[in-house]
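A.B. asks:
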Amino acid sequence: MLTGSLRHCHCRREICMLIRRPSDILPSEITRREVWQRRRTLLRAALAATGAAVLPAAVRAAEKLPELRKSPLSTEEEPTDYEHVVNYNNFYEFGYKKPDPAERAKEFRTRPWSVRITGACEAPGEIGVEDLLRLFPQEERIYRLRCVEAWAMVIPWVGFPLSSLLQRFRPTSEAKYVAFETLYDPERMPGQRTKVLDWPYREGLRIDEALHPLTILATGLYGEILPNQNGAPLRLVVPWKYGFKSIKSIVAIHLQQHQPPTSWNALSADEYGFFANVNPEIDHPRWSQKYHRNIGDGLFAAKRETRLFNGYATQVGDLYSGMDLKKFF
Amino acid sequence: MVLFGRAVTGDLGANPVEELTHRSGDWALRFLLLTLAVTPARNLLRWSLLLRYRRMLGLFAFAYALTHFLIWLILGQSLMWPEIFRDLIGRPYVAVGMLAFVLLIPLAATSAAAMRRRLGATWKQLHRLVYLSAALGVVHFFWLTKADWSEPAAYAMVLAVLLVLRVRRQPARRETE
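For the protein sequence lines, the chains are S and D, in the order given.
Residue 882 in the numbering used here is what sits at position 282 of the first sequence, and the numbering runs on without skipping anything.
Residue 346 in the numbering used here is what sits at position 103 of the second sequence, and the numbering runs on without skipping anything.
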């Protein structure tokens with residue numbers, strides 16, 4: 601609606617210009633191309649931030665985000681097909697089968713939305729998603745994603761470092777861990793009506809993991825606003841850990857001294873560790889983690905070898921030096 | 244076959260191997276339970292015509308179990324033998340599923356009418372293995388499930404009902420023997 605009316609104005613102006621004789625127009629009256637282009641970018645950003653809530657999901661998903669910074673931390677690998685990225689999801693809040701979230705999160709409203717940041721920090725508070733988009737420059741991060749179920753994707757996320765957000769609230773020296781919480785609203789998240797997990801979904805990171813430059817909060821993918829089924833409006837992405845660590849639709853972040861309880865770990869501690877670092881040497885008790893299947897590789901493709909820390913060992917290996925990875929899996 | 248065609252054309256979604264594995268496994272278990280339901284259904288409905296279809300249903304179950312096994316072996320594990328053996332030994336759900344399948348082999352092999360005649364009473368005893376196979380199939384499903392146990396629980400319920408129906412008839416039969 602917003603774009604429609606403004607586009608209309610723009611057309612009308614062009615018509616006026618056509619009617620007037622060129623000599624009538626003062627040079628100062630003409631809007632420079634860069635300026636109106638910038639306006640359109642701003643408009644798109646505003647739409648992304650606020651207007652999106654009124655639009656149906658299909659329209660919203662197609663909304664391109666303004667130009668994005670590329671990142672040297674992105675992988676060169678070919679991203680997984682968009683169709684797979686938005687239709688093959690583990691998001692139990694919207695059902696327990698892979699196609700469920702795409703189907704059942706369609707009507708999920710992600711505005712208004714804010715995130716509470718509490719605990720061991722000097723300036724606890726709440727921040728709206730619009731402010732997040734405005735305050736932190738969004739960039740593209742093409743990351744590998746390795747699910748604990750032995751499949752993988754390459755996803756061009758859009759987001760910003762979690763550290764930028766955390767620094768803003770000034771963590772104190774007592775902040776040793778960061779706890780995250782997903783929205784709890786069984787009305788809007790039908791999967792929460794069944795106690796498959798102890799809702800709300802909870803995840804956690806050690807502070808050094810949370811502040812690592814690879815760790816981002818994602819607000820989009822494929823240059824678009826984050827589709828609901830991928831954890832809109834805001835989700836964590838920790839590319840060297842199994843996917844379940846990358847908690848979706850975050851409403852609360854708590855800085856604390858002790859290791860927080862996390863959902864899958866609480867359900868089955870011997871299968872899902874707190875760290876959950878991708879590691880081909882440490883099998884899930886029920887299946888091997890040595891190999892994985894890349895989504896989109898097709899029926900007859902060979903499985904691929906899983907790498908330590910999902911191939912990010914040079915960047916994150918130091919975080920775990922001297923740690924017994926078999927014990928702290 | 245239809246499933247396979249759809250998998251090749253990409254109709255089975257992002258992870259066709261997983262989808263094929265799950266669907267063939269689902270149908271193996273469904274047909275196995277259907278096979279077990281034939282006798283109770285005949286007794287309840289007093290409709291002996293049903294019995295004619297029992298062998299067919301049983302063979303369908305075997306065909307799906309075989310497909311399930313082959314998909315796991317060839318597409319799932321890419322015939323990587325060390326991995327396959329590691330899984331068979333180290334992972335109870337794989338071992339249990341495998342056993343459920345292996346138990347069906349002699350049953351399928353002796354399903355022909357001539358074999359049944361030749362084996363006589365042994366045939367009946369041998370074919371009681373189907374209960375064990377079905378039970379192992381359900382355990383297999385439970386064991387591989389991550390968190391949402393409603394589906395394997397439904398299969399377990401059906402199996403339990405079918406077994407209770409058998410046990411209830413058993414004592415009466417024993418008296419006449």
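Even for Gly, the Cβ is constructed at its ideal location relative to N, Cα and C.
1. Measuring alpha carbon to alpha carbon, tell me which of S/Pro737, S/Ile853, S/Leu733 and S/Tyr801 ends up nearest leucine 715 of chain S.
2. What does the Cβ neighbour count give for glutamate 261 of chain D, buried or exposed, with the cut at 16 atoms within 10 Å?
3. Chain S beta carbons: is any one of them nearer than 9 Å to that of glycine 256 of chain D?
4. Nearest to leucine 733 of chain S by alpha carbon, out of S/Met789, S/Phe844, S/Trp864 and S/Trp713?
5. Kindly identify the DSSP beta-bridge partner or partners of arginine 884 of chain S.
6. Whole-angstrom Cβ separation of alanine 775 of chain S and glutamine 856 of chain S, contact assumed at under 8 Å?
7. Find out if the Cβ-Cβ distance for the pair leucine 256 of chain D, lysine 698 of chain S is shorter than 9 Å.
8. For proline 666 of chain S, name the three-state secondary structure that DSSP assigns.
9. Applying the 10 Å Cβ sphere with the 16-neighbour rule, what's the burial state of tyrosine 920 of chain S?
10. Classify tryptophan 751 of chain S as helix, strand or coil using the three-state DSSP reduction.
11. Comparing C-alpha positions only, which one of S/Tyr777, S/Pro737 and S/Ala702 sits nearest to alanine 720 of chain S?
12. Beta carbon of valine 373 of chain D, beta carbon of leucine 350 of chain D: below 9 Å?
13. Counting only beta-carbon atoms, is glycine 843 of chain S nearer than 9 Å to chain D?
14. Select from the stretch 255-277 of chain D all residues with a C-beta closer than 7 Å to any C-beta belonging to chain S, and list them in chain order.
15. Assign asparagine 828 of chain S to one of two classes, buried (16 or more other C-beta atoms within 10 Å of its C-beta) or exposed (fewer than that).
16. I'd like the span of the beta strand (DSSP E) that includes threonine 718 of chain S, first residue to last.
17. So, helix, strand or coil for proline 790 of chain S, using DSSP?
18. Using a Cβ-Cβ cut-off of 9 Å, state whether glycine 333 of chain D counts as contacting chain S.
19. Using the Cα positions of proline 861 of chain S and leucine 797 of chain S, report the straight-line distance between them to the nearest angstrom.
20. Please state the DSSP three-state secondary structure of tryptophan 546 of chain S.
21. From phenylalanine 909 of chain S to valine 837 of chain S, what distance separates their C-alpha atoms?
22. Any contact between the stretch 753-761 of chain S and the stretch 809-818 of chain S? By contact I mean 3 or more CB pairs, one from each, below 8 Å.
23. Does the beta-carbon distance from glycine 380 of chain D to glycine 340 of chain D come in below 9 Å?
24. With DSSP as the reference, label asparagine 286 of chain D as helix, strand or coil.
25. Assign alanine 343 of chain D to buried or exposed, taking buried as 16 or more other Cβ atoms, counted over all protein chains shown, within 10 Å of its Cβ.
26. Helix, strand or coil for isoleucine 807 of chain S? Go by DSSP, reduced to three states.
27. Going by other Cβ atoms of all chains shown within 10 Å of its Cβ, with 16 needed for buried, is lysine 845 of chain S buried or exposed?
28. Measure the alpha-carbon distance for lysine 670 of chain S versus tyrosine 891 of chain S and round it to whole angstroms.
29. If we count the other Cβ atoms within 10 Å of its Cβ and call it buried at 16 or more, is asparagine 877 of chain S buried or exposed?
30. Sorted by chain position, which residues of the same chain lie with C-beta nearer than 7 Å to proline 737 of chain S's C-beta, five sequence neighbours on each side aside?
31. Compare the Cα-Cα distances from asparagine 894 of chain S to each of S/Gly695, S/Val754, S/Thr710 and S/Arg709 and report the closest residue.
32. Which same chain residues, not among the five before or five after threonine 772 of chain S, have their C-beta less than 8 Å away from its C-beta?
C.D. replies: The short version:
1. The sequence position of residue 715 of chain S within the first sequence is 115, counting from 1. Per the sequence presented here, residue 715 of chain S reads as valine, with leucine not at that position. Nearest to valine 715 of chain S by alpha-carbon distance, out of S/Pro737, S/Ile853, S/Leu733 and S/Tyr801, is S/Ile853.
2. If you number the second sequence from 1, residue 261 of chain D lands on position 18. Buried: at least 16 other Cβ atoms inside 10 Å.
3. Counted from its first residue, the second sequence places residue 256 of chain D at position 13. It does: the Cβ of glycine 256 of chain D has a partner Cβ on chain S nearer than 9 Å.
4. Residue numbering aside, residue 733 of chain S sits at position 133 when the first sequence is read from its first letter. With distances taken between CA atoms, leucine 733 of chain S lies nearest to S/Trp713 out of S/Met789, S/Phe844, S/Trp864 and S/Trp713.
5. The sequence position of residue 884 of chain S within the first sequence is 284, counting from 1. As written in the sequence, residue 884 of chain S is histidine, which differs from the arginine given in the question. Partner residues in the beta bridge of histidine 884 of chain S, as assigned by DSSP, are S/Trp887.
6. Taking the first sequence and counting its residues from 1, the one referred to as residue 775 of chain S is at position 175. Taking the first sequence and counting its residues from 1, the one referred to as residue 856 of chain S is at position 256. Contact between alanine 775 of chain S and glutamine 856 of chain S holds, since their C-beta atoms are separated by about 7 Å, short of 8 Å.
7. Walking along the second sequence from the start, residue 256 of chain D turns up at place 13. Walking along the first sequence from the start, residue 698 of chain S turns up at place 98. Contrary to the premise, residue 256 of chain D reads as glycine rather than leucine in this sequence. Cβ atoms of glycine 256 of chain D and lysine 698 of chain S: closer than 9 Å.
8. By 1-based counting over the first sequence, the position of residue 666 of chain S is 66. It is coil, neither helix nor strand.
9. The sequence position of residue 920 of chain S within the first sequence is 320, counting from 1. When all chains shown are included, tyrosine 920 of chain S counts as buried.
10. Working through the first sequence from its first residue, we reach residue 751 of chain S at position 151. Judged by DSSP in its simplified three-state form, tryptophan 751 of chain S adopts strand.
11. Position 120 of the first sequence, counting from 1, holds the residue named residue 720 of chain S. Of the listed residues, the one whose Cα sits closest to alanine 720 of chain S is S/Tyr777.
12. The residue labelled residue 373 of chain D in the question sits at position 130 within the second sequence. The residue labelled residue 350 of chain D in the question sits at position 107 within the second sequence. Between valine 373 of chain D and leucine 350 of chain D, the C-beta spacing is below 9 Å.
13. Here residue 843 of chain S refers to the residue found at position 243 of the first sequence. Chain D, which has no Cβ nearer than 9 Å to the Cβ of glycine 843 of chain S, makes this no.
14. Within the stretch 255-277 of chain D, the qualifying residues are Gly256, Ala257, Asn258, Pro259 and Val260.
15. Within the first sequence, residue 828 of chain S is the residue found at index 228, counting from 1. By the neighbour-count rule (16 or more Cβ atoms within 10 Å), asparagine 828 of chain S is buried.
16. What you label residue 718 of chain S is simply residue 118 of the first sequence in a count that begins at 1. Unbroken beta strand (DSSP E) run through threonine 718 of chain S: 714-719.
17. Residue mapping note: residue 790 of chain S aligns to position 190 of the first sequence, counting from 1. Of the three classes helix, strand and coil, the one that applies to proline 790 of chain S here is helix, per DSSP.
18. Here residue 333 of chain D corresponds to residue number 90 of the second sequence, with the count starting at 1. Taking Cβ atoms only, chain S reaches closer than 9 Å to glycine 333 of chain D, which makes this a yes.
19. By 1-based counting over the first sequence, the position of residue 861 of chain S is 261. By 1-based counting over the first sequence, the position of residue 797 of chain S is 197. It is roughly 13 Å from the alpha-carbon of proline 861 of chain S to the alpha-carbon of leucine 797 of chain S.
20. This structure gives no information on residue 546 of chain S, because the portion of chain S shown stretches from 601 to 929.
21. Here the question's residue 909 of chain S lines up with position 309 in the first sequence. Here the question's residue 837 of chain S lines up with position 237 in the first sequence. In a straight line, the C-alpha of phenylalanine 909 of chain S is about 14 Å away from that of valine 837 of chain S.
22. Verdict: yes, contact present.
23. On the second sequence, residue 380 of chain D is found 137 positions in, with the first residue counted as 1. On the second sequence, residue 340 of chain D is found 97 positions in, with the first residue counted as 1. In terms of Cβ geometry, glycine 380 of chain D and glycine 340 of chain D form a close pair [threshold 9 Å].
24. Within the second sequence, the letter at position 43 stands for residue 286 of chain D. Correct three-state label for asparagine 286 of chain D: helix.
25. Mapped onto the second sequence, residue 343 of chain D falls at position 100. That one is buried.
26. The sequence position of residue 807 of chain S within the first sequence is 207, counting from 1. Three-state result, isoleucine 807 of chain S: helix.
27. If you number the first sequence from 1, residue 845 of chain S lands on position 245. Lysine 845 of chain S comes out buried.
28. As a first step, residue 670 of chain S is located in the first sequence; it is residue number 70 there, counting from the start. As a first step, residue 891 of chain S is located in the first sequence; it is residue number 291 there, counting from the start. Spanning the two alpha carbons is a distance of roughly 30 Å.
29. One-based indexing of the first sequence puts residue 877 of chain S at position 277. Its Cβ being crowded by 16 or more others within 10 Å, asparagine 877 of chain S is buried.
30. As a position in the first sequence, residue 737 of chain S is number 137, starting the count at 1. Counting only residues of its own chain and dropping the five nearest sequence neighbours on each side, proline 737 of chain S has a CB closer than 7 Å to the CB of Arg669 and Phe760.
31. Translated into the one-based positions of the first sequence, residue 894 of chain S becomes position 294. It is S/Val754.
32. Here the question's residue 772 of chain S lines up with position 172 in the first sequence. Cβ within range, chain order: Ala720, Cys721, Glu722 and Leu855.
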